[in-house]
Every structure is written in structure tokens, then in C-alpha cells.
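In terms of our numbering, the sequence shown opens at residue 38 and continues consecutively. No residue lacks a Cβ here, since even glycine has one placed at the ideal position from N, Cα and C.
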Amino acid sequence: MADVSEPLRRFGQIVIDKLGSEADMGKLWGELGYTTGNGRDMTSIMYRMEGPPIHEQTLGSADAMLLRLLDGDESMGGTKEPYDPRIHFVLIRDAYIDANPGNAALHDWLDENLSVFDSVYAGDRPDS
38 MADVSEPLRR
48 FGQIVIDKLG
58 SEADMGKLWG
68 ELGYTTGNGR
78 DMTSIMYRME
88 GPPIHEQTLG
98 SADAMLLRLL
108 DGDESMGGTK
118 EPYDPRIHFV
128 LIRDAYIDAN
138 PGNAALHDWL
148 DENLSVFDSV
158 YAGDRPDS
């Protein structure tokens with residue numbers, strides 16, 4: 038489902054335009070609390086009745102990314118963004134923070150490491 042947000046936003050904008058409204062679906066999407074992006078936000082969070090939320094990666098998206106890597110063409114002929122390994126680190130970071138809400142030292146350590154990770158992967162990825 039990670040790739041469905043873009044078509045939903047596009048369809049929503051078509052409906053908005055047809056109704057003659059000046060609204061922007063991208064802005065409405067955010068105002069409604071949706072944070073999913075263009076296939077790059079592949080984290081699912083399941084909230085429990087008790088205890089911390091459970092974070093997981095959407096497996097279909099992970100499988101699709103793996104197939105792209107194995108095929109040797111991350112960008113699928115320039116139609117997709119290259120694989121972004123950051124999602125795995127963010128997923129682990131968020132899960133640890135949710136499971137340890139009072140551990141400021143752990144939060145700081147994870148944030149510092151995310152900054153290092155971002156500095157390594159900040160540039161444009163080479164074409165495959």
C-alpha cells in the first residue's frame with residue numbers, strides 16, 4: 038500500500054478540480070494527518086490496547102525493492118526513485134523510542150546515529 042498514496046492524492050485533486058474548488062489535495066492530505074509519501078514511507082504502526090505500538094515495514098514494498106535491486110535497475114528505467122535504506126534505520130529507531138519513552142540517553146544516541154546515517158546517504162544516489 039505504500040505506493041497507493043500518490044494515485045489517491047491525484048484522484049482527490051481531480052475530484053476537487055471538477056467541483057471547482059481551489060483546494061490543494063497535497064495540503065489537505067497533510068491537514069488530515071496523512072504522512073505517507075510516494076512509496077518511500079513504508080512503515081506501518083499498529084497500536085495496541087496496552088503497551089507500545091508495533092512498528093513494521095510493509096512487506097510488499099520491501100519485496101518490490103528487493104526485486105528491483107536483484108534486477109540491477111533500482112530506478113526501473115528512471116520511473117522510480119532509487120532504493121532508500123534509511124527507512125530501515127528510522128523504523129528501528131522509532132520502535133526503540135516507543136518502547137523506551139523515558140530513556141533520553143537512548144533517544145539522543147539514536148538521533149545522533151540517524152544524523153550520521155543521513156550524512157552518509159544525503160547525496161544523490163548514482164544511477165544503476
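Residue i - DSSP class collapsed to helix/strand/coil
| i | result |
| --- | --- |
| G57 | coil |
| R77 | With a pLDDT of 47 at R77, under the threshold of 50, the modelled position of this residue cannot be trusted, and the question is left open. |
| N150 | helix |
| L65 | helix |
Member of the options whose CA lies at the smallest distance from the CA of residue i
| i | options | result |
| --- | --- | --- |
| I134 | H125, L147, E87, G109 | L147 |
| I129 | T116, L106, G114, N150 | N150 |
| A136 | P90, P44, L56, A60 | P90 |
C-alpha distance - residue i paired with residue j, whole-angstrom precision
| i | j | result |
| --- | --- | --- |
| D54 | E68 | 18 Å |
| R47 | S58 | 15 Å |
| M62 | Q50 | 5 Å |
| A132 | E87 | 15 Å |
| W66 | Y84 | 21 Å |
| V153 | F126 | 11 Å |
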